[in-house]
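Asker: Mapping of the sequence shown onto full-length UniProt numbering: residues 1 to 248, in sequence order.
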Amino acid sequence: MNELQNIDGFNAKIYGTAENPLFFAKDIAELIEHSRASEMLKTVDDDEKLMQPILASGQNRNMWFLTEDGLYEVLMSSKKQQAKAFKKKVKEILKIIRKNGAYMTDKKALDVINGSGLADLLLQAGQQLKAKELIITEMKPKALFADSVATSRSSILVVHLAKLLRQNGFEIGQNRLFEQLRSQGWLSNRKGEDWNMPTQKSLDRGFFEIKETTHNNTDGSVRITKTPKVTGKGQIYFVNKFLQELEA
């Protein structure tokens, strides 16, 4: 995991890149005096946290990180005074990095002018460029998948989502996928007509839609069936989500 910037005055660092900064969940939990990082992580959405390898105790270990949105969500819900100050500092640092390509205090700028810090700055820039190229390489297959799905307007059945996951290296069948989608709150686990129907959460996020089909019975009556279908946006989300679990 690439370290982007120390945060002056706080025992925390910014990881990742300027475009996609990440924050070590354990550090943030300690900063806002949350008793457990695992409990804190439950308060953010799945797309606001992810696992990444980081050097800990001399070994690379997969640990939880917050995205920028996840960090702001956690800080906004905290009543600690330092949370507000930390949020302000992070925004300031990211704004400068995104504008200038690096974060420089007055002292660091003076060092660069005098030449004493130029080599370090160039080394840091080179490391960040290598990290960015590595991220682009790793994300290229996912980006191609996202592009192909985004250009398709058709939604698919859950059985086809399971097939799509298997094609991307995540072994799962239709029944187990239904079970996981229910347990994660995307599909209803209420017995009866609502069974396996999209929850309000999944509809609001645009991950699922309900396909209604009208059937004419032999007695002249009309029967309507409902089928959950995964939208293009949902396909991108679930494939990336399950692949992250596979990599972890």
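In this text, a Cβ means the ideal position worked out from N, Cα and C, and glycines have one as well.
Distance check for LEU66 and ARG205, CA to CA, integer angstroms please.
Answerer: Going from the Cα of ARG205 to the Cα of LEU66 covers about 20 Å.
Asker: Measuring only the C-alpha atoms, how far is GLY220 from GLU193?
Answerer: Roughly 22 Å between the two C-alpha positions.
Asker: Kindly list the residues whose CB is nearer than 7 Å to the CB of LYS80, restricted to its own chain and excluding five residues on each side of it in sequence; keep chain order.
Answerer: Closer than 7 Å at Cβ, skipping near neighbours: ILE32 and GLU33.
Asker: Helix, strand or coil for LYS226, going by three-state DSSP, please let me know.
Answerer: In this structure, LYS226 counts as strand in the three-state DSSP scheme.
Asker: Quick check on the DSSP output: what are the complete alpha helix (DSSP H) runs of length 4 or more inside the region 182-221, in order along the chain?
Answerer: Those alpha helix (DSSP H) runs which fall completely within the region 182-221 and span 4+ residues are 200-204.
Asker: When burial is assigned at 16 or more other CB atoms within 10 Å of the CB, is TRP195 buried or exposed?
Answerer: Exposed, by the Cβ-count rule.
Asker: Going by DSSP, name the residue or residues bridged to THR67.
Answerer: LEU22.
Asker: Would THR231 be called buried (16 or more neighbouring beta carbons within 10 Å of its own) or exposed?
Answerer: Buried, because 16 or more other Cβ atoms sit within 10 Å of the Cβ of THR231.
Asker: Comparing C-alpha positions only, which one of LYS89, ILE210, GLY234 and ILE236 sits nearest to ILE224?
Answerer: For ILE224, the nearest C-alpha among the options comes from ILE210.
Asker: Under DSSP, the beta strand (DSSP E) around LYS13 begins and ends at which residues?
Answerer: Looking at the DSSP string, the run of the beta strand (DSSP E) that includes LYS13 is 13-16.
Asker: For LEU50, list the residues DSSP reports as bridge partners.
Answerer: Answer is PHE65.
Asker: Measuring alpha carbon to alpha carbon, tell me which residue in GLY58, TYR15, ASN60 and GLN82 is nearest GLU68.
Answerer: Measuring from the Cα of GLU68, the nearest candidate turns out to be TYR15.
Asker: From ILE172, ARG166 and PHE10, pick the residue whose C-alpha is nearest to that of VAL90; which is it?
Answerer: If we check each option's Cα against that of VAL90, PHE10 comes out closest.
Asker: Quick one: what's got a C-beta closer than 7 Å to VAL239's C-beta in the same chain, skipping five residues either side?
Answerer: Counting only Cβ-Cβ distances below 7 Å, and skipping sequence neighbours, we find PHE145, LEU164, LEU165 and ASN168.
Asker: Of the choices LEU187, THR214, LYS191 and HIS215, whose alpha-carbon is the least far from that of PHE208?
Answerer: Here the closest residue by C-alpha is LEU187.
Asker: Tell me where the alpha helix (DSSP H) around VAL159 begins and ends.
Answerer: Where VAL159 is concerned, the enclosing alpha helix (DSSP H) stretches over 158-167.
Asker: Could you check whether LYS49 and LEU41 sit closer than 7 Å to each other, using their CB atoms as the reference points?
Answerer: Against a cut-off of 7 Å, the Cβ pair of LYS49 and LEU41 comes out as a contact.
Asker: Counting C-beta neighbours from all protein chains within 10 Å, is the total for LYS26 16 or more, i.e. buried, or is it exposed?
Answerer: With 16 or more other Cβ atoms within 10 Å, it is buried.
Asker: Alpha carbon to alpha carbon, how far is LEU177 from VAL158?
Answerer: C-alpha separation (whole angstroms): 8 Å.
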